[in-house]
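Everything in the sequence shown is counted per this note's numbering, starting at 2 for the first residue and increasing by one. All C-beta atoms, glycine included, are put in the ideal place defined by N, C-alpha and C. Bear in mind the structure is a predicted one, so any value in this text is a computation, not a measurement.
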Amino acid sequence: MIEQSTDRAIAQRLRRMLARATAPYVPMHVDGATAGWITAARCRRLAAFTDVFVVRAGSVSFDAALATSEARTAALDRVTRELAREGALSAWRDERYAVGPDRAAASWFLLERAAARYFGVPTWAVHGNGLVHDAGTVHMWLARRSHAKAIDPGMLDNLVGGGVAAGMAPRMAFIKEAWEEAGLPAIVAAEATPAGALHIRRDTSDGLQRETILAFDLAVPAGFTPANQDGEAIEHRLVSLPEAAHLIALDTGPDQVTPDASLVILDVLARLGTLDPQGEATAALQELAAPP
């Protein structure tokens with residue numbers, strides 16, 4: 002078990018960083034359902050795109066002429082490129098997310114990843130706990146994000162993590178990210194076991210983050226050293242579970258862990274018995290990761 006002071010620090014930090022959204026948002030409707038949530042200021046900007054959006058006091062919807070997924074996607078591509086030129090989005094990814102009633106349904110539209118929070122659409126990501134089991138102990142690999150990353154530059158992260166792009170199944174996204182971020186062969190990454198879903202709904206400077214993180218546990222061979230392939234990770238660090246708990250409690254300094262990865266690490270610590278089941282950190286996990 003971790004020390005009570007660390008347990009409390011984890012709970013305090015994550016309750017602040019991952020607090021459920023409270024800012025007022027306007028719903029974006031498609032086919033009578035809610036596809037996203039947008040701030041009033043952003044709604045005012047979108048109102049200028051009169052051939053794309055119908056903006057009323059309490060809602061945003063698409064112009065009636067944009068009745069298909071293809072038409073909405075093309076219109077949003079034009080809008081998001083203009084917003085990007087204005088500096089209103091995070092760094093352009095040239096990668097699209099599918100937005101629809103659920104992951105199994107046909108999409109209402111595809112949206113550039115950099116605009117996901119601007120429009121407050123639901124997104125999915127895969128994160129992997131790289132676990133090394135050796136002589137009865139468990140250690141965890143962490144990665145440091147490149148300082149050039151658009152979000153959380155230079156912070157510590159899970160060994161594997163990335164968004165699930167349109168047209169890609171979560172497990173295939175995990176295998177892809179495992180190679181790009183850690184040099185893990187597909188035959189190893191394919192053995193990862195699903196460890197549940199964690200839900201984030203928080204206010205950010207970019208808009209509303211509505212993300213479902215699909216967590217995986219991956220047994221990494223004891224002699225393996227991660228090797229980044231795409232330039233997005235600049236360091237890898239093997240830590241004990243108590244050390245991982247200490248890191249996700251840090252509120253300042255160069256070794257802070259991203260909020261999303263902190264939640265994933267907290268979850269695996271709980272499942273592996275490192276947390277007090279009655280402690281504040283366990284309670285925070287249950288509050289913050291539950292479906293909204």
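Asked, Found
"Ordered along the chain, which non-local residues of its own chain (more than five positions away) have a Cβ less than 6 Å from that of residue 213?", "125, 198 and 200"
"Tell me the start and end of each unbroken beta strand (DSSP E) in the region 192-246 that is at least 3 residues and wholly inside, in chain order.", "194-205, 208-220 and 234-241"
"At the level of alpha carbons, what is the spacing between residue 178 and residue 136?", "28 Å"
"Out of 169, 158 and 269, state which residue places its alpha-carbon closest to the alpha-carbon of residue 145.", "158"
"What residues in its chain sit with their C-beta under 8 Å from that of residue 102, if we drop five residues either side in the sequence?", "34 and 109"
"With distance defined between alpha-carbon atoms, name the residue in 203, 293, 196 and 37 nearest to residue 132.", "196"
"Applying the 10 Å Cβ sphere with the 16-neighbour rule, what's the burial state of residue 257?", "buried"
"Where does residue 71 fall in DSSP's three states?", "helix"
"Grouping DSSP H, G and I as helix and E and B as strand, with all else coil, what is residue 108?", "coil"
"Taking only three categories from DSSP, how would you classify residue 135?", "strand"
"When you compare the region 76-92 with the region 111-126, are there three or more beta-carbon pairs, one atom per stretch, that lie closer than 8 Å?", "yes"
"Leaving aside the five residues before and after residue 30 along the sequence, list all residues of the same chain whose C-beta is less than 8 Å from its C-beta, in chain order.", "36, 60, 61 and 62"
"Going by other Cβ atoms of all chains shown within 10 Å of its Cβ, with 16 needed for buried, is residue 71 buried or exposed?", "exposed"
"Residue 151 and residue 91: beta carbons closer than 8 Å?", "yes"
"Compare the Cα-Cα distances from residue 183 to each of 97, 235 and 96 and report the closest residue.", "235"
"Would DSSP call residue 180 helix, strand or coil?", "helix"
"Given that a residue counts as buried once 16 or more other Cβ atoms are within 10 Å of its Cβ, and exposed if not, what is residue 8?", "buried"
"Quick one: what's got a C-beta closer than 8 Å to residue 23's C-beta in the same chain, skipping five residues either side?", "204"
"Report the three-state DSSP secondary structure of residue 78 (helix, strand or coil).", "helix"
"Along the beta strand (DSSP E) that carries residue 98, what are the first and last residues, could you check?", "97-100"
"Can you name the residues that DSSP bridges to residue 27?", "39"
"Identify the continuous alpha helix (DSSP H) that holds residue 63 and give its terminal residues.", "Residue 63 -> not in any alpha helix (DSSP H); beta strand (DSSP E) instead, spanning 60-63."
"Out of 141, 11 and 26, which one is the CA nearest neighbour of residue 219?", "141"
"Please classify residue 216: is it buried, with 16 or more other beta-carbons within 10 angstroms of its beta-carbon, or exposed?", "buried"
"Where do the N-terminal and C-terminal ends of the alpha helix (DSSP H) with residue 268 fall, by residue?", "260-272"
"Cα-Cα, which of 134, 105, 98 and 163 is closest to residue 225?", "134"
"Could you please give the first and the last residue of the uninterrupted beta strand (DSSP E) stretch that includes residue 158?", "157-159"
"Quick one: grab the DSSP three-state call for residue 89.", "coil"
"Here's the rule I'm using: 16 or more other beta-carbon atoms within 10 Å means buried, otherwise exposed. How should residue 148 be labelled?", "exposed"
"So, for residue 3: in the same chain, excluding its five sequence neighbours on each side, which residues have a beta-carbon less than 7 Å away from its beta-carbon?", "243, 246, 275 and 276"
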